[in-house]
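Contents: one structure, followed by commentary.
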Amino acid sequence: MDKQKRNTKSKQMIMSVLSNASSALCHEEIEGQLPEKMDRVTIYRILQGFCEDGKVHKIIGENGKTYYALCHNCLAGNHNDKHLHFRCLKCKTISCIDEPLTIPKLPSGYSISDVACLITGYCPKCLVQMKTIPVILLLFFVQFNLFAQYQIKVADKETKQAVVDADVYFLDSKTGTTTDETGFFSVNTKNSTILVQISAMGYSTFLGTLMLPNESTVYLEPS
Ligand SMILES: [Zn+2]
Ligand SMILES: [Zn+2]
Ligand SMILES: [Zn+2]
């Protein structure tokens with residue numbers, strides 16, 4: 642491929658990267674998105690050429706880095722699409738704000754050759770995320786608080802053996818259950834204590850407050 646043709650192809654590739662971008666790109670980002678490897682100097686030279694031709698404009702980020710974005714209706718040597726740029730503090734993207742920009746009247750004696758104005762803040766995408774995440778966390782927190790489940794075991798005080806099929810009655814909620822074949826019963830509560838009455842054949846009835854989740858076993862005294 643002769644030099645002229647290679648140059649045209651390189652220009653096309655860089656132009657298509659910039660056209661497909663949803664925000665302004667810095668040198669490394671352009672280089673990273675090219676379909677084939679191109680040396681830095683070539684990329685720099687082509688971008689420089691685009692800027693002079695009025696196809697692309699430069700934006701200097703608050704980090705001092707240069708970003709490139711496509712121009713709309715600019716002429717060679719005359720960038721007439723003066724607009725603001727927005728830098729997102731979260732995703733770090735720079736976007737062109739395509740709203741007409743009114744430049745204030747300057748005191749006499751000043752002559753403008755370029756306008757560089759950067760607004761920082763949060764882009765619409767990041768704002769939505771920032772609003773959604775706390776809501777999700779809050780929902781998790783509320784659910785966790787409301788529906789904590791505890792497994793409590795009922796056992797023989799002397800043999801430490803599980804007491805199967807014991808009657809469990811929750812005095813706060815006035816509901817009841819029985820222990821399973823391993824001596825466990827479960828309770829759903831948002832409280833840190835439960836008042837419970839447990840009775841089983843051959844044992845004295847237990848009536849007391851359990852501290853959750855520390856007290857996970859209730860011992861019944863044989864009668
Ligand atoms: Zn321009
Ligand atoms: Zn953002
Ligand atoms: Zn722009």
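Take the sequence shown: its letter number 150 is residue 791 in the working numbering, and every next letter is one higher.
Think of the CB as a built atom: it goes at the ideal place given N, C-alpha and C, for glycine as much as any other residue.
Source: prediction; values computed, not measured.
By the Cβ criterion, the region 701-712 is not in contact with the region 740-749, since fewer than three pairs of Cβ atoms, one from each stretch, lie closer than 8 Å.
Residue 761 is not a Cβ neighbour of residue 664, given a cutoff of 8 Å. Listed as beta-bridge partners of residue 793 by DSSP are 826. Ordered along the chain, residues surrounding ligand 3 are 710, 737 [Cβ under 5 Å from any heavy atom]. If you ignore the 5 residues before and after residue 671, its C-beta comes within less than 8 Å of the C-beta of 655, 658, 659, 684, 688, 709, all in its own chain and listed in chain order.
For residue 850, the CB contacts under 6 Å within the same chain, skipping 5 residues up- and downstream, are 834, 836 in chain order. Straight-line spacing of the CA atoms in residue 828 and residue 805 works out to 16 Å. Closest option to residue 717, judged by alpha-carbon separation, among 696, 736, 737: 696. For residue 646, the enclosing alpha helix (DSSP H) covers residues 644-661. Counting along the chain, the unbroken alpha helix (DSSP H) around residue 685 starts and ends at 681-693.
Residue 764 sits close to residue 729, with the two beta carbons spaced by under 8 Å. When the alpha-carbon of residue 676 is set against those of 822, 650, 802, the nearest one is in 650.
Its Cα nearest to that of residue 690, the residue 652 stands out among 810, 843, 732, 652.
DSSP places residue 849 within a strand segment (E or B) once states are collapsed to three.
Between the beta-carbon of residue 795 and that of residue 824 there is about 5 Å, and that keeps the pair under the 8 Å contact cut. With 16 or more other Cβ atoms inside 10 Å of its own Cβ, residue 726 counts as buried.
Under DSSP, residue 857 forms no beta bridge with any residue. In terms of CA proximity to residue 840, 811 leads the group 830, 757, 811, 856. Residue 774 sits exposed, since fewer than 16 C-beta atoms from the chains shown fall within 10 Å of its C-beta. Ranking 854, 863, 826 by CA distance to the CA of residue 844 puts 863 first.
Between the alpha carbons of residue 848 and residue 778 lies a distance of about 38 Å.
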